[in-house]
Amino acid sequence: MELAVGPFCRRVSDLGKSYRMLRSFRPLLFQTSEHVASSPALGDLIPFSIIIQFLFTRAPAELKSPFQRAEWSHARFSQWLDDHPSEKDRLLLIRGALEAYVQSVRSREGKEFAPVYPIMVQLLQKAMSTLQ
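Position in the sequence shown (from 1) plus 734 gives the number in our numbering.
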């Protein structure tokens, strides 16, 4: 990544927080969900909302991400994120998606949740507690 960015920036360290977040996120792409959830970069370098959004990609189709639940396009969701930079707003949107999933499991009288669901809930609870 540094090689690609190098010609545009004299010092990669000048790229700031977004670059540090991207660098911290990269190794998590290939880790287990449990390992991702225990990353020391969580909350400090990488916002909880980004990690939880990432975990939605590992969930079964029934566990819809916030933009899928709202039936938004990727562009619409991106615009929503731009319009709502607050971590609290983003976490509340995620909470709504997780609550909708619980309701769907209960309505079909399901007995189990997706393995990634408890990890996502744990991260959401941790994130919400850091906001207070």
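The beta carbon of each residue, even a glycine, is placed where N, CA and C say it ideally should be.
Start-end ranges of the alpha helix (DSSP H) lying completely within the segment 765–795, minimum 4 residues: 767–771 and 782–790
Take S838 as the anchor and find which of L789, E796, R754 and E768 has the nearest alpha-carbon. E796
S799 and Q787: beta carbons closer than 8 Å? yes
Quick check: the segment 851–866 against the segment 813–832, are there 3 or more CB pairs under 8 Å? yes
Use the C-beta contact count for L763: other C-beta atoms within 10 angstroms, 16 or more gives buried, fewer gives exposed. exposed
Of the choices R842, A861, Q859 and Y851, whose alpha-carbon is the least far from that of P794? Y851
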